[in-house]
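One structure is given below, encoded as structure tokens.
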Amino acid sequence: MARRRSSASAPADAELLLPRPPGVIRQFWARHPLFTDIVVALIGLAVALTTAGPIGTDGADPGAAFHIVSMVIALAAAASLMLRRRWPLLPYALAVLLQLVMLAYPSAAGSPLLILSMYAVAVYGSSRLCWIAYGIGMGAIAAVGGLGVLVGAVDLQAALNALLAAAVVALVGALVGINIGNRKRYLEAVIDRSRQLVVERDQQAQLAAADERARIAREMHDVVSHSLTVIVALAEGAAATPDVDRARGAMEAAAGTAREALTEMRTMLGVLRDGDVDAPLAPLAPVSPYDVVAAAQRAGYPALLVVTGAADLSEPAQYAIGRIVQEGVTNAMRHAPSASAIRVSIDHGTEATTVTVRNDRAEPSSAAGGFGLRGIAERTAHIGGTLSAGPDGAGGWELVATIPATASDADDDAVPPLAREDDR
646 MARRRSSASA PADAELLLPR PPGVIRQFWA RHPLFTDIVV ALIGLAVALT
696 TAGPIGTDGA DPGAAFHIVS MVIALAAAAS LMLRRRWPLL PYALAVLLQL
746 VMLAYPSAAG SPLLILSMYA VAVYGSSRLC WIAYGIGMGA IAAVGGLGVL
796 VGAVDLQAAL NALLAAAVVA LVGALVGINI GNRKRYLEAV IDRSRQLVVE
846 RDQQAQLAAA DERARIAREM HDVVSHSLTV IVALAEGAAA TPDVDRARGA
896 MEAAAGTARE ALTEMRTMLG VLRDGDVDAP LAPLAPVSPY DVVAAAQRAG
946 YPALLVVTGA ADLSEPAQYA IGRIVQEGVT NAMRHAPSAS AIRVSIDHGT
996 EATTVTVRND RAEPSSAAGG FGLRGIAERT AHIGGTLSAG PDGAGGWELV
1046 ATIPATASDA DDDAVPPLAR EDDR
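What follows is the structure, encoded as structure tokens:
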């Protein structure tokens, strides 16, 4: 798992541009942790072998058993330094146990293993854990020393000297370890937060790219789908009529629709190619519902537009209304070619504007859902409106959109689904 984590964070570390750690020796220790652990364990072993025994010659010898026990504990404490990164309390517990055994010696001094083990607790554990371990260890030494004094096994002066020596030695290791450990943890937290910021930046860039692709797909669909539907209808009408003048008029109308589509496409592509990052990804003017209905009428469809009331809507709301009308009329032309009426109504109320596109004789379709209704649903949701589309119960189709009078171009992440899904 460590290899996976290091490999996963390697690209992020490369982008962080971290400075190289100072000092050749420090870099060597950091790159070779196992060798470092072995050296520390050997130093601890050398210290243990020289201190796990009587310091002076005054007093009685506690016996060979105490020598053997102290040597075994000293060796175990030195070997446990190899595991100090994972279990920092283990070498400290053995060092305290060694100090307790050494109370039997007349001139026992504080074991230097306490410095190494206390330092390991502070660096690889935490400052709080270090002080807790320090208090428990010194309390244990004081309790055992006091008990030894009460039973007459340990001299009072020797017990006080041992406690004071152990407290000073362990305190030195604790203070140095807390200083280095806090700095180590602070740097790790800063680097970890920097990695998170790099990952979040990449995720935000991906989300922004996905959002831009969705917006481009909506624009492309709105421009291409409606224009091609009108052009196809005009071309089919021109091919079906024997009247040369009507056929010529239909083809001229198809050519005009194609020119308008090209102009709108060039406008959109020009915005995409613009170097200004704040350039809006939208045509320069909203789509007029009157032009949409007029294009359908020129193609021979019985389209009718009814507008009631008046409202001073924002440009995003006007643009959404135009696209909703365009999509509704396009779907009616495509899926209800024999419709007797395509009625578009725009009702400007005091609190909201309601757009309704209704047609009869809708033909069932088995095709998968397209981008049209999904796109206008997203547009409506972005300005705080609602959209529903589906059969009207009388063999026709109805699309209803409600847009608040105070609609604005808000970035709404949650896009509600259509109230009634269709196959268009």
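646 is the number of the first residue of the sequence shown in the numbering used here; add one for each residue after it. Built from N, CA and C at the ideal position, the CB exists for glycine as well.
Sort out for me which residues DSSP pairs residue i with in a bridge.
i, result
"Ser-1033", "Val-1045"
"Leu-950", "Val-989"
Could you pull the start and end residues of the beta strand (DSSP E) that residue i belongs to?
i, result
"Ser-990", "987 to 993"
"Ala-1000", "According to the sequence as given, residue 1000 is Val; it is not Ala. Segment 997 to 1004, the beta strand (DSSP E) holding Val-1000."
Considering only the alpha carbon of each residue, which of the options lies closest to residue i?
i, options, result
"Ser-725", "Val-714, Ala-710, Leu-761, Met-747", "Leu-761"
"Ala-862", "Ile-1048, Leu-1044, Arg-1024", "Arg-1024"
"Ile-777", "Val-799, Ser-1033, Val-796, Leu-816", "Leu-816"
"His-871", "Leu-1018, Met-783, Ala-956", "Leu-1018"
"Arg-731", "Ala-738, Ala-765, Ala-955", "Ala-765"
"Phe-1016", "His-866, Glu-833, Val-970, Thr-975", "His-866"
"Gly-784", "Leu-809, Leu-801, Gly-797, Leu-795", "Leu-809"
"Gly-954", "Val-1000, Ala-944, Ser-983, Thr-975", "Val-1000"
"Gly-1035", "Val-1002, Leu-958, Glu-909", "Val-1002"
"Val-869", "Glu-845, Tyr-946, Pro-887, Ala-906", "Ala-906"
"Met-910", "Glu-864, Ala-939, Gly-901", "Glu-864"
"Trp-1042", "Arg-1006, Gly-1020, Ala-1026, Gln-942", "Arg-1006"
"Ala-895", "Ser-772, Leu-852, Leu-820, Ala-941", "Ala-941"
"Gln-963", "His-1027, Ala-939, Gly-901", "His-1027"
"Ala-939", "Tyr-831, Gly-882, Tyr-779, Val-970", "Val-970"
"Val-821", "Cys-775, Arg-968, Thr-1047", "Cys-775"
"Thr-1051", "Ala-850, Leu-958, Thr-912", "Leu-958"
"Asn-824", "Arg-773, Gln-851, Ala-853", "Arg-773"
"Met-716", "Leu-735, Leu-742, Gln-848", "Leu-742"
"Ala-1046", "Gly-1020, Arg-676, Gly-1038, Ala-812", "Gly-1020"
"Pro-982", "Asp-1037, Asn-1004, Arg-846, Leu-679", "Asn-1004"
"Gly-780", "Ala-892, Ser-985, Phe-680, Ala-812", "Ala-812"
What span of residues does the alpha helix (DSSP H) with residue i cover, start to end?
i, result
"Val-932", "Run containing Val-932: none; DSSP gives neither H nor E here."
"Thr-874", "801 to 885"
"Glu-972", "960 to 980"
"Ser-762", "758 to 769"
"Arg-773", "772 to 796"
"Ala-984", "Note, Ala-984: premise wrong, no alpha helix (DSSP H); not H, not E."
"Leu-726", "Premise fails: Leu-726 is in no alpha helix (DSSP H) and is neither H nor E."
"Glu-1023", "1017 to 1027"
"Pro-736", "734 to 746"
Here's a check: name, in chain order, each residue in its chain whose Cβ is nearer than 6 Å to the Cβ of residue i, leaving out the five neighbours to either side.
i, result
"Leu-690", "Ala-723"
"Gly-770", "Pro-733"
"Pro-1049", "Ala-997, Gly-1029"
"Asp-856", "none"
"Arg-979", "Thr-874"
"Gly-826", "Ala-767, Val-768"
"Met-727", "Asp-682, Ala-686"
"Gly-966", "According to the sequence displayed, residue 966 carries Ile and not Gly. Excluding residues within five positions, the ones whose Cβ falls inside 6 Å are Val-1000."
"Ala-944", "Val-875, Ala-878, Leu-879"
"Ala-721", "Leu-739"
"Ala-899", "Ile-876, Leu-879, Ala-880"
"Ile-836", "none"
Going along the chain, which residues of its own chain have a beta-carbon closer than 7 Å to the beta-carbon of residue i, five neighbours each way excluded?
i, result
"Val-628", "Residue 628 lies beyond the stretch modelled for the chain, which goes from 646 to 1069, so this question has no answer here."
"Leu-748", "Val-789, Gly-790, Gly-793, Val-799, Ala-804, Ala-807"
"Ala-787", "Leu-808"
"Pro-931", "Glu-960, Gln-963, Tyr-964, Gly-967"
"Gln-849", "none"
Leaving out the 5 sequence neighbours to the left and right, which residues in its chain are closer than 8 Å to residue i when beta-carbon positions are compared?
i, result
"Ala-1140", "The requested residue 1140 is not part of the displayed model; the chain covers only 646 to 1069."
"Tyr-935", "Leu-950"
"Gly-818", "Leu-759, Ile-760, Leu-761, Ser-762, Met-763, Tyr-764, Ala-767"
For the ligand SAM, I want to know if residue i counts as a neighbour, meaning its beta carbon is within less than 7 Å of at least one of the ligand's heavy atoms.
i, result
"Leu-792", "For the structure depicted, the ligand SAM is absent and the ligand set is empty, with no information on it obtainable."
Check: Between the region 981 to 998 and the region 939 to 954, do at least 3 Cβ pairs fall closer than 8 Å?
Finding: yes
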